[in-house]
Each structure stands twice: as C-alpha cells, then as structure tokens.
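Enquirer: Let me give you the structure first, and then I'll get to my questions.
Here it is, written out as structure tokens:
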C-alpha cells in the first residue's frame, strides 16, 4: 500500500512539512492529475451519452401495460364497464413526456384524457372497436457540472392499439324502459316508430328491454294515464309474473309532450294503489323523464281553445270541422288503424286534450295530481271570455286558492283477488287493472300572471340536482322504495332556420319546420281578447309567414318566449332539468319523420342514448 504522499519520480514518501520545506509540490501535482482525469471522463461520458441517444430512442419503444399486463399486440379485448389502469414502461422515465388519447368508434377526433406516465382509462360502455394511442416524447440528455438535465427536443415514439368491447352496457339500465308518446300517438306505423329508431339505438349499446308504448292519439289526460298504468302492469307481468310483491320490479318512463302529463297521471294512480291500498308495497316506476312536457301549459292550446270558443261561426268552423273532424277524428282514427289499434281506440277527443293543455286545464291538473318534480312559483295567465261566451272549463279561485271537486279517482279492477291473495299471478291479475272510480277534491295555491310572458312556467325555481318524489306530490329520498326520480329536457328553435333558409346547406335545413308554423302562429292569439274579426288578420299574417319567412313570435303581442314551436321551454322544466337541445322543433325531439334532423343540430339518438346511460349511472 502506497503512503499518503508518494513521489513517483524518486519512489520515496514525504510528509507535508517536507513538501512545504522545498520538496516538489506533490499535492498540487496530484490535484491537477485528478482534474485532468475528471475532464477526460466528463468528455467521454457526454460523448458516450450523446452517441447512445439514437440507440435509446430506437430501442425504447412506447411500451405500456394495461392492469399490470404488458400490451404486446395491436388489439386488446376489454370488459364492459370496468376502468383500466395504464402505465408507460418504455424508454427513460426521467426524460419522457407521455400523453394518452382515446377515440370512440365512429368519432373523427381524438380525446386527450391524460398527460402522465400512469393513467386510468375510464369505464367503457359502447360496444365496438375503439382506439387508444400513447405518445412518448423523449428529451435529449445533457451534463452540466456533473448534473444531468433534460432539454425539450426530439420525438420519442407513438403507439396505437385497438380496444375491443364485445358487449356493451352503455345503455343498460336496471329496469325496463317504456317510451311514452304524445299526441297523435302510436307505437309503430309501417315500420316507423313514434320515437323513430330510439329503441333500436338503445339496444345497440345494451341488452335492454325497451317498449314503444301505444296510446290513444287524442284522449283526456286522466283516462290516458290509466291506460298507461295498465300497460306498465302488463310490462311488469311479462317480466315477472310475481312482480306484485317484488320490490325490485319497476320501469323507467321516457315521455314526450302529452306523454309527460300522461305519465304523471299513471304514476299517481300506481302510487295511490300500491302505497295506500296494499300495505305499502313498493312503487313500480323508478324514474320519469319528460321531453317537452307542458307542465305549465302551452299558448298553442290557449290560443286555439280561445278561438274555438270566442270566434263565433269562425271558431265553430275551426273547432268542429278543422280540429275535431279532420285532425282529431279522421287523423286519430287513421293513426289507430295504421298502427293496428283501431279496436283499442275507437274514439278520439281532441277538444278535451286542448282543454287539458290550457292554463286553466294545467292549473286544474297540477292541483289534482301534484308532483315533487314540478318547479314551484309558476304563474298562470287566465283570460276571461268575451261577453256572452260560456266557459267550458270551471276553475274556482278564492283568496289565491284554486279548488277542484272533480279530480278523477281510479279503482283496482282486481281488488277482490289482489287484497285477499298475497301470491298474485296471471290468474288473478287481469286487464284492465285500473278503471275509473269516484271523484275526489283537491286544493292548491295559485298565482295569476298579468301577461302571457309571465306565465307558462316563467319565474319558476329551477330544480338542480337529483329530484325524488313519491308519486303523490311529496318529495322523498332515494332510499324510499316508492321514490321516483324526475328528469326533463326539451328542444329549442333557432327561428331563422325555421323561416329563413337562405345561406343554409341542404343538410342544415329542417324540412319539418313549416308544419310547426301554424301551431306556433296560435301563440299570437293569446292575450288578444278579440272577436272573430281578428281571424282575417291572423290568416293574412299566417300566409305572410309562409311566403316571406317572417317570424310570428317577433310580433309585439301574445307569447314571445323561447319554445320548440309548441311548448315554452319554461313550461318543460321538471325535476332535474338536463337542458335545451337544438335547433329542434317539437317533432325533432322524438327524431320524427325518419330522423330528418339538420346536420348542424344536436342529434336526438345520441341525446337519448346518453340519457339512458345517465339513468344507469344513477342506479336506475
């Protein structure tokens, strides 16, 4: 072992005081030697590192793992509804910037969902072949005073793999789905559903039971609701003959237009029966989603009903011939025949439907059949009739309270069987389950509006977040076995696309818009309080709308709020309001007329599918 201070030339060791007294400066010499060696090593290290960069980039492929398993193929099968853990394993972890991208089948754009080396691919529900891409940007290394750093240059690598989802559960809900139609209702006519292709779209991404419900084209809301309640029982019986005692047997209702109040009525009937008469057996409706439901009425009905009652001969011609005979009786009968339900719905009652949708009609309905999903604070615009005109709707209002004495009750037609037998089955549950019974009275506060624009749901308190009700008007909690969760959404129009198509491409035009023009023009009658001499002016302006493309809602009279050309947006708010989609008119909301939706509009099928996934995520 060499001494601490050794003279290489003489082979002798020296001590420090000898060096200080004239011996060669061995310490300085050794120090310089060490510095030179360090410099050589530094240069060699940097050179070696620099030379290794191309090799590092080439050999460090964009390797990663899924749930801890290395991905070695270009296609991977994943389980529906299960999150996937991703981890980058290639190249240098210190000098690599990793990003993750995902693209659903049929989508043109990639979604950048993470910018870390370890990420999570959220639950996938849609069946199909999707794509996952990882990019790894390598940073060139450098030495500076012995410290390693990274500069931001050089593309590292990229890798794309296919993600296969064999069976989808995106629209798989806990309970069957029933699609409830509005006016001119049918389930299927010559292969075209009322909710065109909505059921098929839901089934594409689920193994879901979806029922297109058939109801009368024109029928009063109470009896229509009883018919729907009976059909709900039918669906439950088909699913489980012992549904009566099974707390897990329920349905989800998605209802359009008149189907919304029809569904509210059905829920009320079911709740009264199951909660009050049969030892608090659980309710049979898990959720109700209303699409453009007239919960606070519509100026279309008010304007039409006003004209029918106050325009003398013209009103009688309008009401008895055009509306009742042509649209109601002939149109409704044609729908019943073409859909194969002529024997089930031999009679139509369009006048009663119009009365139900007026301000008086909805004030009466909301008093008799309240719902926790109905936003509070809404006002009603009720016009007195012209002198000498007898009103067809009675709504006594005293001290801000409305009293209704003829609310319709319904009886269980199988009461003798069901109340005495706890093992209900097909033998003792026979259609119809519910039939009209005795009337009952109800009372509720009411606030009147001074102008049409202050009514139809305007000023109501929008409900935000989950809303649950027991079907009888009371709010409840999710754990209540009778809880019904309420949702709503609607369409909203951009009227320049309805009346003025200049500058729009062919696929951006909505060819169902003109059909809504007459309906929307009835908005202008509300609040006019004029006799039949107004008819000529109204008709002339309607012709002008068709020929010049003007917008009747812009006139300084009647109701001018936002709508889908039939129902005001404010009137459609019910429970958790998802939003307004568009540009949609009232027909677009159920993807009507073979799905002729403008290319620049929200697509109804996607909106429905996404909402069913919302039901799934809510445990419904």
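Numbering (my numbering), first residue to last: 12 to 631.
Using N, Cα and C, we set each Cβ at its ideal position, and we do this for glycine too.
1. Take residue 269 and list the residues in its own chain whose beta-carbon comes closer than 6 Å to its own, dropping the five residues that flank it on each side.
2. Considering just the uninterrupted stretch of the beta strand (DSSP E) at residue 326, what are its terminal residues?
3. Give every residue of the same chain whose Cβ lies closer than 6 Å to the Cβ of residue 244, excluding the five residues on either side of it in the sequence, and list them in chain order.
4. Measure the alpha-carbon distance for residue 312 versus residue 375 and round it to whole angstroms.
5. Determine, using beta carbons only, whether residue 111 and residue 145 come nearer to each other than 8 Å.
6. State the Cα-Cα distance for the pair residue 446 and residue 468, rounded to the nearest angstrom.
7. CA-CA distance, residue 336 and residue 490?
8. Going by alpha carbons, who is nearest to residue 472 out of 549, 388 and 394?
9. Within this structure, are the beta carbons of residue 116 and residue 141 separated by less than 8 Å?
10. Is it a yes or a no for the segment 298-311 touching the segment 582-600, going by three-plus beta-carbon pairs under 8 Å?
11. Taking C-beta to C-beta, are residue 232 and residue 360 nearer than 8 Å?
12. What does the Cβ neighbour count give for residue 598, buried or exposed, with the cut at 16 atoms within 10 Å?
13. Determine contact between the segment 346-353 and the segment 196-209, defined as no fewer than three beta-carbon pairs at a distance below 8 Å.
14. Any idea if residue 413 is buried or exposed, counting beta-carbon neighbours within 10 angstroms, 16 or more meaning buried?
15. Between the C-alpha atoms of residue 338 and residue 132, what's the straight-line distance to the nearest angstrom?
16. Is the beta carbon of residue 108 sitting closer than 8 Å to the one on residue 148?
17. Can you tell me whether residue 88 is buried or exposed, with buried defined as 16 or more other CB within 10 angstroms of its CB?
18. Looking at the strands, I want to know which residues DSSP matches up with residue 379.
19. Nearest to residue 297 by alpha carbon, out of 492, 592 and 577?
20. From residue 478 to residue 485, what does the alpha carbon distance come to, in whole angstroms?
21. Could you confirm whether any beta carbon from chain B is found closer than 8 Å to the beta carbon of residue 599?
22. Quick check on this structure: which residue in 126, 81 and 573 has the alpha carbon closest to the alpha carbon of residue 309?
23. Check the C-beta distance from residue 420 over to residue 384 and give it rounded, since I have them as a contact under 8 Å.
24. What three-state label does DSSP hand residue 197 in the structure shown?
25. Give me the residue from 629, 628, 630 and 618 with the minimum Cα distance to residue 213.
26. For residue 261, is the classification buried or exposed, using 16 other Cβ atoms within 10 angstroms of its Cβ as the cut-off for buried?
27. For residue 679 and residue 281, which I take to be in contact (beta-carbon distance under 8 Å), what is that distance rounded to the nearest angstrom?
28. Looking only at DSSP bridge pairs, what is residue 149 linked to?
29. Which ranges would you report for the alpha helix (DSSP H) in the segment 278-358 if only whole runs of at least 4 residues count?
30. Is it right to say residue 181 is buried, meaning 16 or more other beta carbons lie within 10 angstroms of its own, or is it exposed?
31. How would you label residue 127, buried or exposed, when you count the other beta carbons within 10 angstroms and need 16 or more for buried?
32. Kindly list the residues whose CB is nearer than 8 Å to the CB of residue 84, restricted to its own chain and excluding five residues on each side of it in sequence; keep chain order.
33. Judging by CA-CA distance, which residue of 406, 592 and 546 is the nearest neighbour of residue 327?
34. According to the neighbour-count rule (16 or more other Cβ atoms, all chains shown, within 10 Å of its Cβ), is residue 341 buried or exposed?
35. What first and last residue would you give for the alpha helix (DSSP H) that runs through residue 115?
36. If residue 191 sits next to residue 221, beta carbons under 8 Å apart, how far is it from one beta carbon to the other, in whole angstroms?
Expert: Walking through what the data contain:
1. 193 and 194
2. It is not in any beta strand (DSSP E) - residue 326 instead sits in the alpha helix (DSSP H) that spans 323-327.
3. 444
4. 15 Å
5. yes
6. So the two alpha carbons sit approximately 32 Å from each other.
7. 49 Å
8. 388
9. yes
10. yes
11. Result no, Cβ atoms of residue 232 and residue 360 do not sit closer than 8 Å.
12. Buried, since its Cβ has 16 or more Cβ neighbours within 10 Å.
13. yes
14. Taking all protein chains shown into account, residue 413 has 16 or more neighbouring C-beta atoms within 10 Å of its C-beta and is therefore buried.
15. 53 Å
16. yes
17. exposed
18. According to DSSP, residue 379 bridges with nothing at all.
19. 492
20. 11 Å
21. Structure shown: chain B not included; a single protein chain is present.
22. Of the candidates 126, 81 and 573, the one whose C-alpha sits nearest the C-alpha of residue 309 is 573.
23. Incorrect: roughly 22 Å between the Cβ atoms, too far for contact.
24. Secondary structure at residue 197: coil, using DSSP grouped into helix, strand and coil.
25. The candidate whose alpha carbon is nearest that of residue 213 is 618.
26. Here residue 261 is buried. Its C-beta has 16 or more other C-beta atoms within 10 Å.
27. This structure does not reach residue 679, given that the chain is present from 12 up to 631, and the question cannot be answered.
28. 107
29. 310-321, 323-327 and 343-349
30. buried
31. exposed
32. These residues qualify, in order along the chain: 172.
33. 546
34. exposed
35. No alpha helix (DSSP H) contains residue 115, which DSSP labels as neither H nor E.
36. No, residue 191 and residue 221 are not in contact; Cβ-Cβ is about 12 Å, not under 8 Å.
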